[in-house]
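In this note's numbering, the protein residues as written are 71 to 197.
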């Protein structure tokens with residue numbers, strides 16, 4: 071159980087480091103985009119497969135987030151990644167990092183996707 075907690079802490083630190091890399095201009099645009107999508111999914115309260123569905127609900131979190139982080143880490147230049155990891159560790163030691171702007175963007179995206187889905191379903195059921 072202790073090693074699971076260590077893995078969770080490491081994943082949290084890596085996720086925050088990936089977030090910091092997503093706003094660093096030295097990182098290629100495609101890596102920043104994937105980093106932003108991965109972090110948004112990791113911190114989003116809405117999942118592709120809801121958590122109340124047995125096994126599958128948590129399986130998407132256990133696969134999508136780590137694979138996304140792993141891919142992003144491979145795309146980030148090593149010196150930038152080292153700096154982002156140091157910044158993430160320092161910020162986590164000071165307390166939980168909070169970014170209200172990122173939260174607002176995530177909420178706006180999900181609201182927009184919800185509206186688009188509702189409009190699409192309306193068109194389907196009109197037929």
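Quick reminder that beta carbons are idealized off the backbone N, C-alpha and C, glycines included.
Source: prediction; values computed, not measured.
Alpha-carbon spacing of residue i relative to residue j, whole angstroms
| i | j | result |
| --- | --- | --- |
| residue 119 | residue 165 | 30 Å |
| residue 131 | residue 125 | 11 Å |
| residue 145 | residue 127 | 28 Å |
| residue 157 | residue 122 | 35 Å |
| residue 186 | residue 195 | 14 Å |
| residue 112 | residue 197 | 37 Å |
| residue 103 | residue 86 | 15 Å |
| residue 155 | residue 183 | 32 Å |
Alpha helix (DSSP H) segment containing residue i, residue limits
| i | result |
| --- | --- |
| residue 127 | 126-145 |
| residue 165 | No alpha helix (DSSP H) contains residue 165, which DSSP labels as neither H nor E. |
| residue 113 | 99-113 |
Residue j beta carbon less than 8 Å from that of residue i
| i | j | result |
| --- | --- | --- |
| residue 90 | residue 136 | no |
| residue 84 | residue 139 | yes |
| residue 181 | residue 114 | no |
| residue 88 | residue 108 | yes |
| residue 142 | residue 101 | yes |
Proximity test, residue i beta-carbon vs the ligand NAD heavy atom, cut-off 7 Å
| i | result |
| --- | --- |
| residue 170 | Looking at this structure, you won't find the ligand NAD or any other ligand, since it has none at all. |
> Between the segment 84-104 and the segment 137-154, do three or more beta carbon pairs fall short of 8 Å?
Replying inline: Touching, yes, given that three or more Cβ pairs across the two stretches are closer than 8 Å.
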